[in-house]
Amino acid sequence: MTLVRSVLDTGWRLRLTDPHPDAPVDLYGRAVPATVPGCVHTDLMAAGLLADPYVGLNEADQHWIGRSGWTWTTTFDLPEAAGPGTGDELRRELVFHGLDTVAEVSVNGRVVGRTANMHRTHTFDVTDVVTGAGNELSVYIGSVYDYTDARRAESGEMPSTYDEPFNHVRKMASNFGWDWGPTLVTAGLWKPVELLSWSGARLESVLPAVTVGRPGQDGPATVTTRVALRRAPGAPAQAQAVTATVAGRTATGRIAPDATTAVVTVEVPDARLWWPAGLGEQPLYDLEIELRPDAVGPAAEPAPPADRWQRRIGFRTTELNTAADRAGTPFEIVVNGVQVAVRGVNWIPDDCFVAGLGRAEYAAALDHAVEANVNLMRVWGGGIYEKDEFYDLCDERGLLVWQDFLFACATYSEEEPLRGEILAEARDNVTRLAPHPSLVLWNGNNENLWGHRDWGWPEILGDRAWGLGYYTGLLPAVVAELDPTRPYWPGSPYSGTPDLHPNDPLHGPVHIWDVWNERDWTAYAEYQPRFVAEFGFQGPACWPTVRRAINDGPPVPFGPVADAHQKAKSGTTKLQRGVLPHLPDRRRKDPELEMADWIYLAQLNQARAVRFGVDHLRGQWPRCSGTVLWQLNDCWPVSSWAAVDGDGHRKLMWYALRAAYRPRHAAVSQATGRRPFVRLTNNDTGDWRTELTVQVHSVAGELLASSAQPVVLAAGATTALPVPLPAGHPVAGERPALVVTVRGDGELLDRMLTEEDITAGLPAARFTVTTETAPDGVLVRVRAGTLLRDLVLQADRLDDDAAVDEQMITLLPGEEHVFRARTTVGADDPRWQDPLTLRCVNDLVEE
16 MTLVRSVLDT GWRLRLTDPH PDAPVDLYGR AVPATVPGCV HTDLMAAGLL
66 ADPYVGLNEA DQHWIGRSGW TWTTTFDLPE AAGPGTGDEL RRELVFHGLD
116 TVAEVSVNGR VVGRTANMHR THTFDVTDVV TGAGNELSVY IGSVYDYTDA
166 RRAESGEMPS TYDEPFNHVR KMASNFGWDW GPTLVTAGLW KPVELLSWSG
216 ARLESVLPAV TVGRPGQDGP ATVTTRVALR RAPGAPAQAQ AVTATVAGRT
266 ATGRIAPDAT TAVVTVEVPD ARLWWPAGLG EQPLYDLEIE LRPDAVGPAA
316 EPAPPADRWQ RRIGFRTTEL NTAADRAGTP FEIVVNGVQV AVRGVNWIPD
366 DCFVAGLGRA EYAAALDHAV EANVNLMRVW GGGIYEKDEF YDLCDERGLL
416 VWQDFLFACA TYSEEEPLRG EILAEARDNV TRLAPHPSLV LWNGNNENLW
466 GHRDWGWPEI LGDRAWGLGY YTGLLPAVVA ELDPTRPYWP GSPYSGTPDL
516 HPNDPLHGPV HIWDVWNERD WTAYAEYQPR FVAEFGFQGP ACWPTVRRAI
566 NDGPPVPFGP VADAHQKAKS GTTKLQRGVL PHLPDRRRKD PELEMADWIY
616 LAQLNQARAV RFGVDHLRGQ WPRCSGTVLW QLNDCWPVSS WAAVDGDGHR
666 KLMWYALRAA YRPRHAAVSQ ATGRRPFVRL TNNDTGDWRT ELTVQVHSVA
716 GELLASSAQP VVLAAGATTA LPVPLPAGHP VAGERPALVV TVRGDGELLD
766 RMLTEEDITA GLPAARFTVT TETAPDGVLV RVRAGTLLRD LVLQADRLDD
816 DAAVDEQMIT LLPGEEHVFR ARTTVGADDP RWQDPLTLRC VNDLVEE
């Protein structure tokens, strides 16, 4: 028979069956409609029984949810069999693609399986349990804390950076709270549930591996697919045929009656290579695998397919170069023989309630990355292996994926039952994700090697295993077996050998966190790393997000609700400390003014920190082969390191990142005691030919010096050019502030002020504003009467959904800039003239 898939996504009901003392008493035993995929929080909110945990202090009142037991129930009928297959041969299986997390599954009152892993698929044979119609499916999900208490009693204390037991169970670690996320411990069926009906045999796993005949060139390629099947107990022994089709080419393999595996190889003579964004196109090819009973005799007609598997693949090679050189140990991602200048971002789960994420949500988030010139997404190890739609979209957009295995900031028992779950989870997800050409690197863990070295864990552990065996044994073995064409790295940060400190800047990927936690962002200039996998600086969310989340009156930067939406230890203090060396410290009595100033100044400082850090690190190419900023996105309304806040609004940092990540990169640099210079880096595919103009003005707008010269910079090259200084200008000591402008063929590439704003003598801002209607919004034209420092159009004060094309514009006297705001607000709205809509640093400098 042909395999029949029935998705069980209707008729679900949810009940609280094991209440926690903090749970509402009237909720016990009450059935509410449940969405599958879904979770307790979203179902209760949909039923009007739970307040939005993202608003106010609601999160703190909902911790009982993760400490309770819940039951989901639905009924289903068996589908009609498609084709022959009856009696002992006919099989029925329930497939749970994601169960969160400690669950017991029953059908018609009989337990058919138990789970304790959110990160893998679970399949249960229910052939002997189901009847023709009216089968009752029940899923009980118990308190994950009860489970972790029992595991901790068995293994002993396993230290981590947070006082939560996420490392004792295979569940999304950041559910338990992080320094940017709330403690919202979910429970639910977070991926689809299916009933499979089949007989004879079905596909169990499909593993395609791509090889390219001429590395770096279109042409001949090979797809070698390993297929494993599952045979029905009691079914007659029968040979099976496996057919693979890709790019118009087909090959067939045969599985003998007593075997369960086959290898099918398809030769593709004219494959087009898949390239990362900015280096070429992303052609994708449908690979289809069909399983059918093997025809008997030379004239026998082929049987109809019993099962089918289909994915899109791409032809490309990927390598990781870590061969030692004179400077240390590089960390170079090479695709199709070309070293990629990595312009990356870290990715966390895009919502606390990941069941609701689908293609539309992923597309919106990944578009933020693409439009910011990002070419790599690091899927961080405290989240989830993302859904297929995420990787599909990365394939389409040319976004490389660095995939962490899910271990973060903690130690992990290497004993059962955790070890067995980790092995099954790794095999499941490596198999699922292997077809994606965007996936270029598997990484063993996040910060665990560093933590064991520096964070006092050995004193608690004694001689117990703590996870190293996973990163250096189990995980690389799984990758080598199931995905041998991709590189694996044991952890981030990691220097390549236990003889070196894991976070040694000269070796492998490093994380830079003394900047932000302890030091000002100008300290980035002291680093000369080989690759940076984490670094960043905090800033508050945008105005509409803040207004929605802080509900205890007019939003203010400080107070109980604001503090609840700042999860970093001493985060607000660090934000204030970060602003003070660079920007005015304004404190106004009016709450709206105070909040408006805070958002502008703290976001601006975050943006400058990121721009400074990326400019410095990109200027060290190719010694520093890439940067992966922490972080692109947020999962809820919070002050954090994100470029895009939890409601999807772009912070000022996003605009700074877009500028800093341009493939053709120009930045004015100024080291202490040295002349300023312009660093040019060309990470585009062709020569950069331009007429480079550098001008130096006074703060009053007087042209003091200029230079112009033709520049030809080859792909992959970098160079430094001096900035012309006015006669007598001192290199060190007290000196007047200068405005340095760099243009290429007239296009503004960079503009900087050589001194801090608070000491530069900025004039009181004078400018004129005119507005006009545009096809999708409003054009806001600003003409400067004085130097305007980092002018920002906060259109989201007029319209929550407004978007602006550019931000942080510094204008010299007499210059104009036109902001393009996508909005439904009319051009004649007087609020375009409001001083809180158009902001610049000049407005906030005390006279």
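The numbering of the sequence shown is our numbering, which starts it at 16 and goes up by one.
Don't be surprised by glycine CBs; every beta carbon is placed ideally from N, CA and C.
| Asked | Found |
| --- | --- |
| Cβ contact (3+ pairs, closer than 8 Å) linking the segment 284-291 and the segment 230-240 | yes |
| Bridge partner(s) assigned by DSSP for G268 | V257 |
| Beta strand (DSSP E) segments (min. 3 residues) lying fully within the segment 512-564 | 524-527, 546-550 |
| Cβ pair R673, A387 closer than 8 Å | yes |
| Continuous alpha helix (DSSP H) stretch holding T734: start and end | No alpha helix (DSSP H) holds T734; the beta strand (DSSP E) holding it covers 733-737. |
| Whole-angstrom distance between F91 and E411, CA atom to CA atom | 37 Å |
| W457 - DSSP class collapsed to helix/strand/coil | strand |
| Within 8 Å, strictly: CB atoms of W558 and Q809 | yes |
| Separation of A658 from T588, as counted between CA atoms | 20 Å |
| Residue burial classification, D772 (beta-carbon count within 10 angstroms, cutoff 16) | buried |
| Residues that I328 bridges to, as DSSP identifies them | Y300 |
| Element boundaries [alpha helix (DSSP H), containing L476] | 472-476 |
| At least three beta-carbon pairs within less than 8 Å, the segment 503-516 to the segment 437-454 | no |
| Ordered list of beta strand (DSSP E) runs contained in the segment 326-400, each at least 3 residues | 333-336, 347-350, 357-362, 391-394 |
| Neighbour-count burial assignment, I475, 16 or more Cβ in a 10 Å radius | exposed |
| Pairwise C-alpha distance: L728 and W651 | 43 Å |
| Inter-stretch contact (C-beta, 8 Å, three-pair minimum) for the segment 241-257 and the segment 471-485 | no |
| Contacting residues, own chain, Cβ-Cβ under 7 Å from T275 (five flanking each side not counted) | A243, L244, R246 |
| Identity of the residues DSSP links to E151 by a beta bridge | T90 |
| Proximal residues to P322 (C-beta, below 6 Å), its chain only, five neighbours per side dropped | Before going on, a small fix: residue 322 reads as Asp here, not Pro. Hits under 6 Å: L18, R217, L218, L306. |
| Expected contact under 8 Å - CB spacing of E762 and R796 to nearest Å | The pair is not a contact, with the Cβ atoms about 19 Å apart (cut-off 8 Å). |
| Inter-stretch contact at 8 Å, needing at least 3 Cβ pairs: the segment 200-209 / the segment 165-176 | no |
| Terminal residues of the alpha helix (DSSP H) in which I56 lies | For the record, residue 56 in the displayed sequence is His; it is not Ile. 55-61 is the span of the alpha helix (DSSP H), which, as asked, contains H56. |
| DSSP beta-bridge partners of I824 | L806 |
| Under the three-state DSSP convention, the category N444 falls into | helix |
| Exposure of K186, with buried meaning 16 or more beta-carbon neighbours within 10 Å | buried |
| R374 CB to nearest heavy atom of the ligand COA below 7 Å | Only the bare structure without any ligand can be found here, which leaves the ligand COA out of the picture. |
| Secondary structure, beta strand (DSSP E): runs of 3+ residues fully inside the segment 179-232 | 208-214, 216-227 |
| DSSP state of F627 mapped onto helix, strand, coil | helix |
| DSSP bridge partner residues for I156 (one or two, in chain order) | W85, A118 |
| Three-state class that DSSP yields for R412 in the structure shown | helix |
| Exposure label - F550; buried when at least 16 CB within 10 Å | buried |
| Environment of F552 [buried if 16+ CB atoms lie within 10 Å] | buried |
| Residues near F139 by beta carbon distance below 7 Å, same chain, minus five either side | E108, L109, V120, V127, G128 |
| Neighbourhood of I156 by C-beta, 6 Å cutoff - its chain only, sequence neighbours within 5 removed | W85, A118, A202 |
| Straight-line gap, G71 to G81 (C-alpha atoms, nearest Å) | 20 Å |
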